[in-house]
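Structure, as structure tokens:
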Ligand SMILES: [Zn+2]
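Residue numbers (the working numbering): -11 to 203.
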């Protein structure tokens, strides 16, 4: 499969070629940027078998490294590239909640033919320096006609330092994808969202809970 190299992203951190100093192309759609190469070097220098940096790297969510130039149809006409697919319907939410010093803002609800997405911003204090963990939020959703979704498939999370206010807060822009698609009859969505790392806090950080009314 041929790939459009202008869409290249580091397979380890998800940053585009334009966002890093150097990017090295590997076979197929695999790339690595200078910062992640540096991190790998640091992991090699550390003799500990399970160093925090190695664990952090291994636990990052997978990155979609590049997209084919066209969007061939695969499963029942579903595009392989979500970025080029327009949602059939968009509901602006703009509801936010603060919990233990972290704010979750639900931005939009996007309907597609085969799935739906919740786009969100996650504002939180930066993690300890030298620990470049790419965090992730997990979801549990329930609508008013008995459907339940758990987790997300094909979601993305990008650090957006350009939106933050410096060192006090880091903003992450995420989208979580759920299947099957949300039905037009669903008028109410209960959204539970949790930071998995919050489970290790003492006391455990409870999930955010949103009641979303769909017009
Ligand atoms: Zn990288």
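Note that the Cβ used here is the ideal one computed from N, Cα and C, for glycine as well. Because the structure is a prediction, the values reported are computed rather than measured.
Going by C-alpha to C-alpha distance, which of the options sits closest to residue i?
{"i": "residue 22", "options": "30, 191 and 10", "result": "10"}
{"i": "residue 108", "options": "32, 100 and 126", "result": "126"}
{"i": "residue 165", "options": "176, 112, 46 and 139", "result": "139"}
{"i": "residue 17", "options": "73, 189, -1 and 24", "result": "-1"}
{"i": "residue 200", "options": "103, 129, 102 and 88", "result": "129"}
{"i": "residue 3", "options": "106, 39 and 49", "result": "49"}
{"i": "residue 159", "options": "194, 113, 170 and 197", "result": "113"}
{"i": "residue 92", "options": "167, 46 and 182", "result": "182"}
The beta strand (DSSP E) with residue i in it runs from where to where?
{"i": "residue 164", "result": "158 to 166"}
{"i": "residue 105", "result": "104 to 112"}
{"i": "residue 126", "result": "126 to 131"}
{"i": "residue 80", "result": "77 to 87"}
{"i": "residue 99", "result": "90 to 99"}
{"i": "residue 193", "result": "No beta strand (DSSP E) holds residue 193; DSSP gives it neither H nor E."}
{"i": "residue 13", "result": "11 to 13"}
Under a three-way DSSP split, which group does residue i fall into?
{"i": "residue 180", "result": "strand"}
{"i": "residue 151", "result": "helix"}
{"i": "residue 187", "result": "helix"}
Residue range of the alpha helix (DSSP H) that residue i falls in?
{"i": "residue 41", "result": "40 to 46"}
{"i": "residue 30", "result": "22 to 33"}
Any residue whose CB is nearer than 7 Å to a heavy atom belonging to ligand 1, listed in chain order = -2, 0, 1, 3, 8, 20, 21, 23 and 24
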